[in-house]
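So the sequence shown is numbered by numbering that gives the first Met the number 0: it starts at 0 and just counts up by one. The beta carbon of each residue, even a glycine, is placed where N, CA and C say it ideally should be. Read the structure below first, then the notes.
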Amino acid sequence: MTPSLPLPPPGPDCRLTPPARVDRSPIEGDGLFATAPLPAGTVVSRFGGRLVSDAEQHRLFADAARSGAYVDTLSVGADLNLVLPPDAPQRAGNHSCDPNTWWVDPYTVVARRDVAAGEELTLDYATITDDPDFVMPCSCRAPSCRGRVTGRDWRLPTLQVEYGPHWVPVLRERIAGS
Ligand SMILES: [Zn+2]
Numbered sequence: 000m001t002p003s004l005p006l007p008p009p010g011p012d013c014r015l016t017p018p019a020r021v022d023r024s025p026i027e028g029d030g031l032f033a034t035a036p037l038p039a040g041t042v043v044s045r046f047g048g049r050l051v052s053d054a055e056q057h058r059l060f061a062d063a064a065r066s067g068a069y070v071d072t073l074s075v076g077a078d079l080n081l082v083l084p085p086d087a088p089q090r091a092g093n094h095s096c097d098p099n100t101w102w103v104d105p106y107t108v109v110a111r112r113d114v115a116a117g118e119e120l121t122l123d124y125a126t127i128t129d130d131p132d133f134v135m136p137c138s139c140r141a142p143s144c145r146g147r148v149t150g151r152d153w154r155l156p157t158l159q160v161e162y163g164p165h166w167v168p169v170l171r172e173r174i175a176g177s
């Protein structure tokens with residue numbers, strides 16, 4: 000296994016920066032929306048929470064399945080996952096196979112291209128998880144929609160080219176090493 004990059008510790012909270020807010024989404028449930036035009040590179044979201052191992056994450060998922068709760072996590076390093084606080088606004092964020100935001104560091108998401116005011120902000124979930132068991136059907140309506148999103152999509156050469164370094168660190172390392 001590739002050793003993980005040393006990561007700075009996350010902050011305790013998740014925040015949307017002022018140009019983003021939560022509202023109803025035509026994709027699914029709630030979503031995140033731009034409140035102003037966002038030039039490419041504008042920071043829209045900062046993630047925080049606590050870091051746990053893969054084993055701890057699976058325990059959290061099992062507990063959540065029993066209690067009906069929902070746990071939101073993302074992979075940040077080898078055997079290292081960020082558990083979002085229950086009130087994180089990012090939990091409303093939807094996936095797109097042609098997202099308008101992406102990662103620039105372990106805890107920060109920025110506009111991938113110029114985004115219009117009112118546009119829904121989306122991330123490609125393939126860029127946030129290395130969980131080989133993750134599978135989600137997708138009907139995001141992007142011309143490049145893959146039909147389903149999985150924890151193995153980081154292996155797709157088209158996505159590796161399309162997203163360059165804009166993955167969570169563990170996936171960026173794997174792609175660099177593959
Ligand atoms: Zn899709």
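For residue i: DSSP bridge partner residues
i	result
W101	V109
F32	R20, E119
W94	The sequence given here places His at residue 94; Trp does not occur at that position. For H94, which the question treats as bridged, DSSP gives the partners L122.
V42	V109
L158	Bridge partners of L158: none, in fact.
V167	None; V167 has no bridge partner.
L37	V114
T72	V82
R173	Note: R173 sits in no beta bridge, so no partner.
P136	R147
L50	L81
R14	R45
Distance between residue j and residue i (C-alpha atoms, nearest Å)
i	j	result
A68	D113	36 Å
P131	S95	19 Å
L83	R145	27 Å
M0	F60	Annotation note: pLDDT 39 at M0 (below 50); position unreliable, coordinate value reported separately. Near 24 Å, if we compare the C-alpha coordinates of F60 and M0.
G150	A39	27 Å
S143	D12	33 Å
D104	R173	16 Å
L31	E118	9 Å
G28	E55	28 Å
A33	D53	33 Å
P46	D62	It should be pointed out that residue 46 corresponds to Phe in this sequence rather than to Pro. Their backbone Cα atoms lie some 23 Å apart in a straight line.
W101	G92	12 Å
V134	T126	13 Å
L37	A110	7 Å
Check: residue i C-beta below 7 Å from any heavy atom of ligand 1
i	result
A141	yes
N145	In the sequence under discussion, the amino acid at residue 145 is Arg, which differs from the Asn named in the question. Yes - ligand 1 has a heavy atom lying nearer than 7 Å to the Cβ of R145.
S95	yes
C13	no
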